[in-house]
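Under the working numbering, the residues of the sequence shown are numbered 6 to 238, in order.
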Amino acid sequence: MKLSRILSNQNGVSRKQANALIAAGRATVNAEVCTDASLDVDRFATVAVDDTIIQQGSPARYLMLNKPAGYLSATEDDVHPTVLDLIAPDLRAGLHIAGRLDRATTGLLILTNDGTWSRELTEPRIRIPKVYRVTTAHPISPETEERFAEGIWFEYEQLTTSPAHIEQMDATNARLTIYEGRYHQVKRMFHAVGNRVISLHRERMGAIALDGKLQPGEYRALNQQETQSIPCR
Ligand code: URA
């Protein structure tokens with residue numbers, strides 16, 4: 006919401022008065038004077054006029070979870086346990102998943118209550134690399150590298166996936182980097198080259214790597230360097 010709107014949402018302050026307060030340097034956002042009435046301010050920021058708090062910022066939360074197999078990437082489900090069941094109840098409110106994993110997929114899962122931040126992480130246009138370790142049912146064919154680099158046509162979405170990079174480790178194991186997070190993307194890409202994924206583990210999203218100290222089911226807060234590695238911060 007624009008800064009002027011936050012101020013004028015207060016009883017008795019018109020938009021014109023709000024603009025005048027801002028122009029006079031009396032408004033602060035996170036304790037810094039802000040004279041830009043059109044600044045977009047999210048709910049995590051504390052806004053004050055002189056010494057009066059107009060909006061108390063709510064705490065932003067960014068968690069990395071080492072997702073075990075068998076947990077749904079959902080906030081609730083009647084049948085299966087969800088990843089939210091692994092998070093302490095007092096941290097759960099408002100969390101959503103930034104880039105789902107299939108139930109059987111393991112590894113790095115990020116949960117946050119900051120929708121602006123998570124959009125930057127998952128929006129295909131922004132091209133944040135997502136790195137997976139993949140095991141396939143059949144030997145990875147020689148043409149796989151080129152087909153993935155050219156992009157795979159997804160009929161349902163009517164699009165070609167962004168060029169992906171595969172680094173083969175042995176006949177049936179590889180590290181794959183993709184730049185989108187489309188529905189079952191990795192499985193569908195291997196299916197398109199006549200193979201089948203039998204296990205999938207996410208190691209990294211952009212500069213955020215799964216912390217090797219986290220056992221399956223454990224999580225920790227992202228540090229400042231990790232949250233700030235996503236462009237909007
Ligand atoms: N691609 C898939 O097919 N499954 C996942 O869980 C993640 C990426």
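We treat Cβ as the ideally placed atom computed from N, Cα and C, and that holds for glycine.
Source: prediction; values computed, not measured.
Please confirm whether any heavy atom of the ligand URA lies closer than 7 Å to the CB of residue i.
| i | result |
| --- | --- |
| Asp107 | yes |
| Lys192 | yes |
| His189 | yes |
| Thr51 | no |
| Leu215 | no |
| Thr110 | yes |
| Leu205 | yes |
Does the Cβ-Cβ distance between residue i and residue j come in under 8 Å?
| i | j | result |
| --- | --- | --- |
| Leu113 | Arg207 | yes |
| Thr318 | Arg180 | This structure gives no information on residue 318, because the portion of the chain shown stretches from 6 to 238. |
| Thr111 | Lys72 | yes |
| Ile11 | Ile58 | no |
| Ile131 | Pro236 | yes |
| Val34 | Ala50 | yes |
| Ala169 | Thr182 | yes |
| Ile115 | Leu68 | yes |
| Gly62 | Arg108 | no |
| Val84 | Ile102 | no |
| Gly30 | Val38 | yes |
| Ala176 | Pro144 | yes |
Could you round the C-beta distance between residue i and residue j to whole angstroms and report it? I think they count as a contact, below 8 Å.
| i | j | result |
| --- | --- | --- |
| Ser146 | Gly156 | Ser146 to Gly156, Cβ: 17 Å. No contact. |
| Asp41 | Leu8 | 7 Å |
| Ile203 | Glu231 | Their Cβ separation, rounded to whole angstroms, is 30 Å, which puts Ile203 and Glu231 out of contact at 8 Å. |
| Val201 | Thr141 | As written in the sequence, residue 201 is Arg, which differs from the Val given in the question. So it is a contact: roughly 6 Å between Cβ atoms. |
Can you tell which of the options has the C-alpha that lies nearest to the C-alpha of residue i?
| i | options | result |
| --- | --- | --- |
| Leu219 | Ala23, Leu70, Val202 and Val52 | Leu70 |
| Glu185 | His101, Glu151 and Gly211 | Gly211 |
| Leu100 | Asp107, Arg108 and Leu91 | Leu91 |
| Gln173 | Gly17, Trp158, Leu164 and Glu151 | Glu151 |
| Glu148 | Ile115, Asn178 and Gly199 | Gly199 |
| Glu160 | Arg187, Ala103 and Ser43 | Arg187 |
| Ala32 | Ala79, Asp55 and Pro86 | Asp55 |
| Val136 | Trp158, Val84, Arg108 and Leu215 | Leu215 |
| Ala36 | Ala154, Ala53 and Asn228 | Ala53 |
| Glu223 | Ala93, Arg209 and Leu26 | Ala93 |
| Lys45 | Met6, Cys39, Glu81 and Pro64 | Residue identity check: residue 45 is Asp in the sequence provided, not Lys. Per the Cα distances, Met6. |
| Gly104 | Arg124, Ala98 and Pro86 | Arg124 |
| Arg193 | Asn178, Gly217 and Thr165 | Thr165 |
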